[in-house]
Amino acid sequence: MTWSGVFPAATTKMTANGELDLGATQMSIERLVQGGVSGVIVLPMLGENAALTQAEKDRVVSAAKEVVAGRVPLLSGLAELSTEDAVAAARNYRKLGAEGLMVFPSLAYRTDRRETIAWYKAVATGGLPIMIYNNPIAYKVDVDVPTLEGLAGVPEIVAVKEETGDIRRVTDLYNAFGDRFDIFCGVDDLILESIALGVVGWVSGMTNAWPDECVKLFNIARAGDLKAALPLYRLMTPAFHLDTDVKLVQYIKFAEHLVYGAPEHVRPPRLPLEGEERARVEAVIRKTIADLKRTRNP
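Each position in the sequence shown, counted from 1, maps to that position plus 4 in my numbering.
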């Protein structure tokens, strides 16, 4: 399987009392597909994966499968504690109709290289194509070049979401593996730099709020039109910075709320934004909304 293009890490909509809002979730996924995305990833950390029960996760995957209806690939995030649970979840998501997985390292323990290799090999027995989620800043496990050398022979592992924050890693991966893995940028505010170095896809957070603009940015940048891409990238970068904060779930849901009225509710332990923080984030989002409106209607 080859994946490329914009694959938003979709938010999971909640009601005011913290229950799943599957109707709003489906509406947001439909909006993403209509906006031209190339794939959809449900149950990422942005989708509050770790705060959901397995039964709730199953409902999200099934609801997403229903609305996507084969128009683009549907991937599920997989974030578990034990290897046994991870393998069971992989097999379960396959039965529910997911066409791939974005797999986190074990959330229970900071695995070393040998253990990380064993983890991903085990999840691969679930039978679905895998995108490795590599975010050592957050999860303290780096799926680096030597680790990937131990996984290159596993055909189910097809892609890497590169989120080290070190733009040099993209080139290191291509030098080490050529086109063995599909390399995706996993940081919104590094997408233009990553495309310049050859990534084929983008796992994006802010695409939830602005699918049309993010797809446009990706496509014109990948076509090599830097003159057209730079102004749009610079305009959106303050909002893209919100994707790299520990409160990215609240920030991106707030952006969705301000852009098109989606519910911004989150599940505890996350709490709604308030006070100075809410005002600061709102200012960034509203300025982006206004600047984009001016570019459409100069």
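Note that the Cβ used here is the ideal one computed from N, Cα and C, for glycine as well.
DSSP places Tyr113 outside any alpha helix (DSSP H), giving it a letter other than H or E. If you draw a straight line from the Cα of Ala112 to the Cα of Leu296, it is about 42 Å long. Here the alpha carbon of Thr87 sits roughly 28 Å from the alpha carbon of Lys17.
In the DSSP assignment, Asn138 falls outside any alpha helix (DSSP H) and lies within the beta strand (DSSP E) extending over 134 to 138. Following the DSSP letters along the chain, one finds Pro215 inside the alpha helix (DSSP H) bounded by residues 215 to 226. Taking the CA atoms as reference points, Glu103 sits about 25 Å from Tyr143. Here Ile141 is exposed, its C-beta having fewer than 16 other C-beta atoms within 10 Å.
Linking Asp25 to Thr19 through their CA atoms gives a straight-line distance of about 6 Å. Residue state for Ser208 is assigned as strand, using DSSP reduced to three classes. Residue pairing from DSSP leaves Pro273 without any beta-bridge partner. One Cα belongs to Leu50, the other to Cys189, and the distance between them is close to 16 Å. Closest in alpha carbon position to Asp249, among Ala126, Met31, Leu234, Glu281, is Glu281. Secondary structure at Met49: helix, using DSSP grouped into helix, strand and coil. The alpha-carbon separation between Gln254 and Ala90 amounts to approximately 27 Å. Look at the beta carbons and you see the region 30 to 40 touching the region 59 to 78: at least three pairs across the two are nearer than 8 Å.
Taking Arg274 as reference, the option from Met31, Glu52, Gly9 with the minimal CA-CA separation is Glu52. Counting other Cβ atoms within 10 Å of its Cβ, Ser66 stays below 16 and is therefore classed as exposed.
Among the bridge pairs identified by DSSP, Glu166 is matched with Asn138, Cys189. Secondary structure note for Leu26: its alpha helix (DSSP H) is the uninterrupted segment 26 to 38. Rounded to the nearest whole angstrom, the C-alpha separation of Thr299 and Leu239 is 10 Å.
Judged by beta-carbon spacing, Val107 lies within the 8 Å limit of Leu82, meaning their Cβ atoms are closer than that value. With a 10 Å radius around the Cβ and a threshold of 16 neighbouring Cβ atoms, Asn301 comes out exposed. Per DSSP, reduced to three states, the secondary structure at Ile199 is helical. With respect to the 8 Å criterion, Val158 and Asp186 are not classified as neighbours on the basis of their beta carbons. Contact between the region 255 to 263 and the region 207 to 226 is established, with three or more Cβ pairs separated by less than 8 Å. A contact is defined here as three or more CB-CB pairs under 8 Å, and the region 165 to 174 meets this definition with respect to the region 198 to 210.
Using a 10 angstroms sphere on the CB of Gly130, the tally of other CB atoms reaches 16 or more, which defines it as buried. One alpha carbon belongs to Arg284, the other to Ala243, and they sit about 11 Å apart.
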